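**Student:**
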Amino acid sequence: MRQYNFPKKSLLALLIPTMMCHTIQAHADDSPEPKVHLGHETITISRTPQEEVGETIVTRRELNEQMVQNSQDLVRYNTEVDVAEVGRYGNKGFAIRGVDGNRVAMNVDGVALPEVEVNEIFAPYGYQYEGRFNPDLEMMGGVSITAGSDSLLSGSGAIGGSVAYKTKEPASMVRGDGNLGGYAKVGYTTKNEELLTAVGLAGVYDKAEFLLNYAHREGHELKNHDMKRHDKNKLNPIYEFSLDEMPNGTTSLVHPDALVHEQDSALAKFYYHINDNHRVGLHGMYQEKTNHMNTQSKHTYGSRNGSSTRFAHDKEELKNYGVNYQYLPESSRWLGKLNLDYTKSEVLGLADTWEYYLGFGRSKINNPELSYREYRPITNDSAQLSLKLDSASFDRGRLGEHQFYLTGGRAKQDYTSTAHYLNYVDNKFDVDGSFVNFAFPDAKKDIYHLALGDNIYFNDRFKAAVGVRYDNLHYRPYLQGDKVGSRVASLTEDAKAYGTCVSNNAQSVFCDAYRAGTHNKESKFDHITWNAMLDYQLIEDRLTARYKVGTGFLAPTVSQIYSNFTINANEQVPNYNLKPETSLTHELELEFKPKDELTLTLGGYITKYEDFIHTKYWNSNRNDRVLGCSNHTCLQSNNLDEAEIKGLKFGMKADFSAWSKLDGNLDLTADYHFSKDKALVMTDFNGVKEVNTLAAVPGMFMLGLNYYSPNNDWEIHGKVRYTQAKKSSDAKYLDTRLKYKEDKVYCNSTFYAGFCSYGGFYDYDSAVGDYYKIDRVADGYTEEVKTYDVVNRSKSTLLFDVYGSKKFGKDKNWILNAGIYNITNEKYIPWETLRQFATTSINGMVDGKGYGFNRYTAPGRNYALSLTYEF
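With mature numbering (1 follows the signal peptide of the UniProt record, and there is no 0) applied, the sequence shown covers -28 to -1, 1 to 843.
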């Protein structure tokens, strides 16, 4: 990895405001929004696109202005959304309306991103990939974030909301009325020392359009409050942490795990206009990210100078390509537009752990020995065909003007999860001699859906929309081959099963069930979802009421249905009777415009969730198989929980341009969001208990001041974020502990009487005349509601950010963006980071004295710069 030298913080602190504070004043530009004409389509390029109830649209302009680098930056100023962290593997997606992970759907251009599959036994140690793929935002033209049930648009997963990424289009990269355009960009941010370089080229002609975009990122670990620079020596196995760095065992590491990451992303599109009505196209997207990380802090009982150490060489990769067709009839009475798209996608998530042996009784590391490699890839391959029909408008007088749409899709998916063990022999990994030391279920999925909707326009004051959707999912489990090498292709299915389950003694009862034919049961799910919206101006042009009601569902994952993993007296039990999780959202919004320069919004919502899938634990005697489990600790996914979240939102936007006497545009924005949540859990022994989801975002207030220069060549933005501390009363969870049965066991033997009389475990029973002891035998679990023990580390925070941009050059085609974040250098741990400790995971490993919490603090004062040339 190349090393770069950048200005020190003190210099940057002076340099950035100087570049942003330009004092040109002229007349405001009141010209209408520019429009781009493409055949029969007209695309309006607006600074603030029209948003539906519960929807936030982040435009390409905002992505550039805010220098959005990742998912956390994307929702930095969203009061309803945060990102669910999972440590080594980044994040598991977004948290919206009290739920996170798979309960928030994610897609790119309508193609669903893979769900997170979790092995509860492996999760504490980070042995398996558990992240959610995050597309590079440099490739995106915009992102739509919907809060509330949204399965009408996004299908399975959207019970709490959805995040829809839309890639760039050729027209978005061409300036003005030209045919050819592009850009070159370089950026740097101090919070993870990431350097971004990107180039793009696009053309729009009468017969053809094309786009090519490439971005490269390289950087290091996300800093904590200390903002300590990356030390490359920590990625060398011979590095030994000092007592200051690791004062109390490996989990006490006070700074983030040392990391080097590199990412390459590319996007390509080509459209050919056969005539004004017909267009065909090709599209492709590629993204690869590699992480090299020191994972010593993930050792449960590791010490600073232990006998072994582990390093991660993880990888994420996406390959996406396909064809599309668009038809725009000139004068059809029925059809307005037709789109047909076929996309093939391949997504890889790789947990690749290298183990080094360092020796016992050492005072100094000399020659670390690379012992073996745990190579554990998860793949999700899919092929999707989708169709969308937009009807022409039908005027039915008093019944309104109707525009119908019909969408349909068919997707075939193949999910695989493998755990390879590779020995390091003769200075190389023995690939051909590798084997699967654990067997996990794989599955092929067949998914199709059909949706029908109607957008209704009654008059300028009254609009409505309604839609219904049917989804059908079919899972077929199978067992894949166990070789890393090329010989996999020549193996029959029986040979693969034998190689995994017999010759290599894979530790899973899944193998027995697979050979017996009892684990091959297919699963089928179908579900109907619907949405409806009303938009009515109670007072024309002044007071508008909007109401939305919608439903969502989430089908169980492969691991929740089929997991049957066994190790160390822990056993997962499959559940073929799982039902989809469901949700229902009601949302009401009032928009009041007392004058043209002021807009006030007040909204409230309630979302109810049912059939939450929850992991159930119980104890089973080895000689008494309960639900197929014969080990001490049994785990199974069950539909147990119900949940509810209520929220209140307030918003304001005021144009102070006239009042301020400035020549440009000055506006003030304010947003506040607060929610209360609860979940009802059916316990095994103690009935129904009320807890919290923990994924609910704390109350947040956002204040923004924005200034745009008269000729739109520079702008500056100030943001103030106040986040409330999480209250103990809002952080209740269900604590599961072993329950014991006590048996009185007598010595009952003349031969052992002498031993019993002196045995420290025995007491004498004078009534019986014999020695006895009390045996404690595990007898199930107790489940008790407790307060999340680290909620006291949550604190109210007040953060200040300033960012802006300046255009310069003859044609204003050079753009400098700069920002300062957390200006006051506030030290805190975000709730989205703290709440992950409530779940058994690799991030739950912090030493008893709490030193390790320091590495999870948010970055201190940090800076970002980017320079873009557009042509």
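Cβ atoms here follow ideal geometry from the backbone N, Cα and C, with glycine treated the same way. Remember, predicted model here, so these are calculated numbers, not experimental data.
Does the beta-carbon of residue 609 have 16 or more other beta-carbons within 10 angstroms, so that it is buried, or is it exposed?
**Tutor:** Working through the sequence shown from its first residue, we reach residue 609 at position 637. Flag for residue 609 reads buried.
**Student:** Measuring only the C-alpha atoms, how far is residue 521 from residue 54?
**Tutor:** As a working note, residue 521 is residue 549 in the sequence shown. As a working note, residue 54 is residue 82 in the sequence shown. Between residue 521 and residue 54, the C-alpha separation is close to 23 Å.
**Student:** Please work out which residues of its chain come closer than 6 Å, Cβ to Cβ, to residue 542, disregarding the five sequence neighbours upstream and downstream, and give them in chain order.
**Tutor:** As a first step, residue 542 must be located in the sequence shown, where it is residue number 570. Closer than 6 Å at the Cβ level, and outside the excluded window around residue 542, lie 93 and 605.
**Student:** Within the same chain, show all residues whose beta-carbon is closer than 7 Å to that of residue 202, passing over the 5 residues directly before and after it, in chain order.
**Tutor:** The sequence position of residue 202 within the sequence shown is 230, counting from 1. Only 165, 192, 193 and 230 meet the Cβ criterion.
**Student:** The ligand FMN and residue 641: does any heavy atom of the ligand fall closer than 7 Å to the residue's C-beta?
**Tutor:** You won't find the ligand FMN in this model; it holds no ligand whatsoever.
**Student:** Opposite residue 609 in the DSSP bridges: which residues?
**Tutor:** As a first step, residue 609 must be located in the sequence shown, where it is residue number 637. 587, per the DSSP bridge assignment.
**Student:** Could you check what DSSP says for residue 289 in three-state terms: helix, strand or coil?
**Tutor:** By one-based count along the sequence shown, residue 289 stands at place 317. Note: residue 289 maps to strand in three-state DSSP.
**Student:** Tell me the DSSP secondary structure of residue 33 in three-state form.
**Tutor:** To locate residue 33, count along the sequence shown from 1; it is residue 61. Of the three classes helix, strand and coil, the one that applies to residue 33 here is helix, per DSSP.
**Student:** Using the Cβ count rule (16 or more neighbours within 10 Å means buried), how would you classify residue 449?
**Tutor:** Counted from its first residue, the sequence shown places residue 449 at position 477. Buried, because 16 or more other Cβ atoms sit within 10 Å of the Cβ of residue 449.
**Student:** When the Cα of residue 184 is compared with those of 161, 510 and 258, which residue comes out closest?
**Tutor:** Reading the sequence shown from its first residue, position 212 is the one you call residue 184. Residue 184 has its Cα closest to that of 258, out of 161, 510 and 258.
**Student:** First and last residue of the beta strand (DSSP E) that includes residue 805?
**Tutor:** Stepping through the sequence shown from its first residue, residue 805 is reached at position 833. Per DSSP, residue 805 belongs to no beta strand (DSSP E); it is in the alpha helix (DSSP H), 803 to 806.
**Student:** Using the rule of at least 16 other Cβ atoms within 10 Å of the residue's Cβ for burial, across every protein chain shown, is residue 209 buried or exposed?
**Tutor:** Here residue 209 corresponds to residue number 237 of the sequence shown, with the count starting at 1. Buried, since its Cβ has 16 or more Cβ neighbours within 10 Å.
**Student:** May I ask which residues mark the beginning and end of the alpha helix (DSSP H) holding residue 630?
**Tutor:** If you number the sequence shown from 1, residue 630 lands on position 658. Segment 629 to 632, the alpha helix (DSSP H) holding residue 630.
**Student:** Roughly how many whole angstroms lie between the Cα atoms of residue 125 and residue 517?
**Tutor:** In the sequence shown, the residue the question calls residue 125 occupies position 153. In the sequence shown, the residue the question calls residue 517 occupies position 545. Rounded to whole angstroms, residue 125 to residue 517 spans 23 Å at the Cα level.
**Student:** Out of 136, 686 and 150, which one is the CA nearest neighbour of residue 142?
**Tutor:** Looking up residue 142 in the sequence shown gives position 170. Out of 136, 686 and 150, 150 has the C-alpha closest to the C-alpha of residue 142.
**Student:** How would you label residue 82, buried or exposed, when you count the other beta carbons within 10 angstroms and need 16 or more for buried?
**Tutor:** As a working mapping, residue 82 is identified with position 110 in the sequence shown. With 16 or more other Cβ atoms within 10 Å, it is buried.
**Student:** Going by alpha carbons, who is nearest to residue 846 out of 561, 120 and 233?
**Tutor:** The structure shown does not extend to residue 846, since the chain is modelled only from -28 to 843, so the question has no answer here.
**Student:** Whole angstroms are fine: how far does the CA of residue 329 sit from the CA of residue 612?
**Tutor:** Working through the sequence shown from its first residue, we reach residue 612 at position 640. Working through the sequence shown from its first residue, we reach residue 329 at position 357. Cα to Cα, the separation comes out at about 44 Å.
**Student:** Could you tell me which uninterrupted alpha helix (DSSP H) segments, each at least 4 residues in length, are contained entirely in the stretch 36 to 95, listed from first to last along the chain?
**Tutor:** If we require 4 residues or more, the alpha helix (DSSP H) runs fully inside the stretch 36 to 95 come out as 43 to 46.
**Student:** Report, in whole angstroms, the separation of the C-beta atoms of residue 182 and residue 175, which I expect to be a contact under 8 Å.
**Tutor:** Counting from one through the sequence shown, the residue named residue 182 turns up at place 210. Counting from one through the sequence shown, the residue named residue 175 turns up at place 203. Going by Cβ atoms, the distance from residue 182 to residue 175 rounds to 5 Å, so yes, they are a contact pair.
**Student:** Is the stretch 823 to 841 touching the stretch 793 to 807 in the sense that three or more CB pairs, one from each, lie closer than 8 Å?
**Tutor:** Enough Cβ pairs lie closer than 8 Å, so yes.
**Student:** Alpha carbon to alpha carbon, what distance is there between residue 344 and residue 395?
**Tutor:** Sequence index remark: in the sequence shown, residue 395 carries index 423 (1-based). Sequence index remark: in the sequence shown, residue 344 carries index 372 (1-based). The straight-line gap from Cα to Cα measures roughly 4 Å.
**Student:** Since residue 327 contacts residue 382 with CB under 8 Å, what's their CB separation in whole angstroms?
**Tutor:** Translated into positions along the sequence shown, residue 327 becomes position 355. Translated into positions along the sequence shown, residue 382 becomes position 410. Between residue 382 and residue 327 the Cβ distance is about 44 Å, and since that is not below 8 Å, they are no contact.
**Student:** Here's the rule I'm using: 16 or more other beta-carbon atoms within 10 Å means buried, otherwise exposed. How should residue 89 be labelled?
**Tutor:** Stepping through the sequence shown from its first residue, residue 89 is reached at position 117. Buried, because 16 or more other Cβ atoms sit within 10 Å of the Cβ of residue 89.
**Student:** Can you grab the Cα-Cα spacing for the pair residue 261 / residue 39, in whole Å?
**Tutor:** As a first step, residue 261 is located in the sequence shown; it is residue number 289 there, counting from the start. As a first step, residue 39 is located in the sequence shown; it is residue number 67 there, counting from the start. Each residue's Cα considered, the two are about 20 Å apart.
**Student:** Answer yes or no: do residue 716 and residue 803 have a C-beta to C-beta separation smaller than 8 Å?
**Tutor:** As a working note, residue 716 is residue 744 in the sequence shown. As a working note, residue 803 is residue 831 in the sequence shown. Contact flag unset, no.
**Student:** Helix, strand or coil for residue 362? Go by DSSP, reduced to three states.
**Tutor:** Your numbering for residue 362 matches position 390 in the sequence shown. Reduced to three states, the DSSP call for residue 362 is strand.
**Student:** Which one of 123, 761, 346 and 399 has the shortest CA to CA distance from residue 499?
**Tutor:** Sequence index remark: in the sequence shown, residue 499 carries index 527 (1-based). The option with the nearest alpha carbon to residue 499 is 123.
**Student:** Whose CA, out of 426, 352, 342 and 71, lies closest to the CA of residue 397?
**Tutor:** Reading the sequence shown from its first residue, position 425 is the one you call residue 397. Of 426, 352, 342 and 71, the residue nearest in Cα terms is 342.
**Student:** Provide the residue span of the beta strand (DSSP E) that contains residue 125, from first to last.
**Tutor:** The sequence position of residue 125 within the sequence shown is 153, counting from 1. Not the beta strand (DSSP E): residue 125 falls in the alpha helix (DSSP H), residues 123 to 126.
**Student:** In the DSSP output, which residue or residues are listed as bridge partners for residue 440?
**Tutor:** As a first step, residue 440 is located in the sequence shown; it is residue number 468 there, counting from the start. 424 and 502.
**Student:** Which first and last residues belong to the alpha helix (DSSP H) in which residue 534 is found?
**Tutor:** The count along the sequence shown starts at 1 and reaches residue 534 at position 562. Start and end: 530 to 534.
**Student:** On the premise that residue 155 lies in contact with residue 238, defined as a C-beta separation below 8 Å, what is that separation, rounded to the nearest angstrom?
**Tutor:** Here residue 238 corresponds to residue number 266 of the sequence shown, with the count starting at 1. Here residue 155 corresponds to residue number 183 of the sequence shown, with the count starting at 1. Actually they are not in contact, since the Cβ atoms of residue 238 and residue 155 sit about 15 Å apart, beyond 8 Å.
**Student:** Pick helix, strand or coil for residue 462, following the three-state DSSP scheme.
**Tutor:** Stepping through the sequence shown from its first residue, residue 462 is reached at position 490. Note that residue 462 scores 41 on pLDDT, short of 50, meaning its location in the model is unreliable; the coordinates nonetheless yield the value given after this. Helix.
**Student:** Tell me whether residue 828 sits in a helix, a strand or coil according to DSSP, three-state version.
**Tutor:** As a first step, residue 828 is located in the sequence shown; it is residue number 856 there, counting from the start. Correct three-state label for residue 828: helix.
**Student:** For residue 824, count neighbouring Cβ atoms within 10 angstroms of its own Cβ and tell me buried if that reaches 16, exposed if not.
**Tutor:** For this step, residue 824 is matched to residue 852 along the sequence shown. Buried, by the Cβ-count rule.
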